[in-house]
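Numbering (UniProt numbering), first residue to last: 1 to 138. Yeah, the Cβ is synthetic: ideal placement off N, Cα and C, and Gly gets one too.
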């Protein structure tokens, strides 16, 4: 056990420095929503315009976000949904990095900050009255 603790502290000191007061989980633990088509440098600039960002969580927290040796989150819930059991028609959701996978869309990466901060969008699931819903373009 002593060896494991010593090794862990040595690794943290190597990454964060010797001053414990300066240690910051977010400097190491970061989220990066890499697009599957961004594996080449040329395509990366189109699909991944946002650098890795500090994020809470780990593989043993409610905000599950396990990570690799480089601190980049490698697994977690990109879509989160919460239901208020007192009002089941009220739901709250967040999709990281955004609502669409198209890199030229305004909604491609517009929810990253909300996802990181744990802010959710309300989603009502009440039935709509009437038999049809008419959408009008603006």
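Based on the DSSP output, what are the partners of residue i in its beta bridges?
{"i": "residue 54", "result": "30"}
{"i": "residue 123", "result": "91"}
Confirm, please, whether the CB-CB distance from residue j to residue i is below 8 Å.
{"i": "residue 92", "j": "residue 100", "result": "no"}
{"i": "residue 82", "j": "residue 31", "result": "no"}
Around the Cβ of residue i, are there at least 16 other Cβ atoms within 10 angstroms (buried) or fewer (exposed)?
{"i": "residue 21", "result": "exposed"}
{"i": "residue 79", "result": "exposed"}
{"i": "residue 65", "result": "buried"}
{"i": "residue 116", "result": "buried"}
{"i": "residue 57", "result": "buried"}
{"i": "residue 42", "result": "exposed"}
{"i": "residue 121", "result": "exposed"}
{"i": "residue 102", "result": "exposed"}
Between the options, which has its C-alpha nearest residue i's C-alpha?
{"i": "residue 106", "options": "47, 43 and 2", "result": "47"}
{"i": "residue 55", "options": "44, 71 and 15", "result": "71"}
{"i": "residue 95", "options": "37, 89, 113 and 84", "result": "113"}
{"i": "residue 118", "options": "97, 136 and 134", "result": "97"}
{"i": "residue 75", "options": "12, 122 and 33", "result": "33"}
Please list the segments of the alpha helix (DSSP H) lying wholly inside the region 47-91, counting only runs of 4 or more residues, in order along the chain.
none
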